[in-house]
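The numbers in UniProt numbering rise by one with no breaks, and the one at position 38 of the sequence shown is 38.
Beneath this line is the structure, given in structure tokens, with notes to follow.
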Amino acid sequence: MPRPRQKTESAFSTKGLKREEGSHHTKWKLFDERDRYTGIKTRTSRSGKDIDDTILSLIRKQLKFDTKEQLLYFIDCCWERDDYSNMLRRKEAI
């Protein structure tokens, strides 16, 4: 199910991803509690359109979620920054 771009980007910024504006896309990079770049990143289009299922699948892989449902749960603000960090540590992604 598509998600509004603004809602998705708001979730990214409140959960540790930092915004970097590009000419066509906004890049999102994950930083840890000590403000060190973790190597985890994704990007969103600068258009005003919703983010469709195809793009959400790409974002899911880039942000290291196992399922699309986990990503949607993350976007819909049910996960906190610490929950996401703990999941990544368990997977040894950071």
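Here a beta-carbon is modelled for each residue, glycine too, at the ideal position from N, C-alpha and C.
Computed from a predicted model, the values in this text were never measured in an experiment.
Item                                                                                                      : Value
Asp50 and Arg3 closer than 9 Å at C-beta                                                                  : yes
Start-end ranges of the beta strand (DSSP E) lying completely within the region 19-53, minimum 3 residues : 25-31 and 37-45
First through last residue of the alpha helix (DSSP H) which encompasses Leu88                            : Arg81 to Arg90
Closer than 9 Å to chain D by CB, Phe65                                                                   : Here chain D cannot be found, since the structure has a single protein chain.
Local Cβ density within 10 Å of Ser85, reported as buried at 16 or more and exposed below that            : buried
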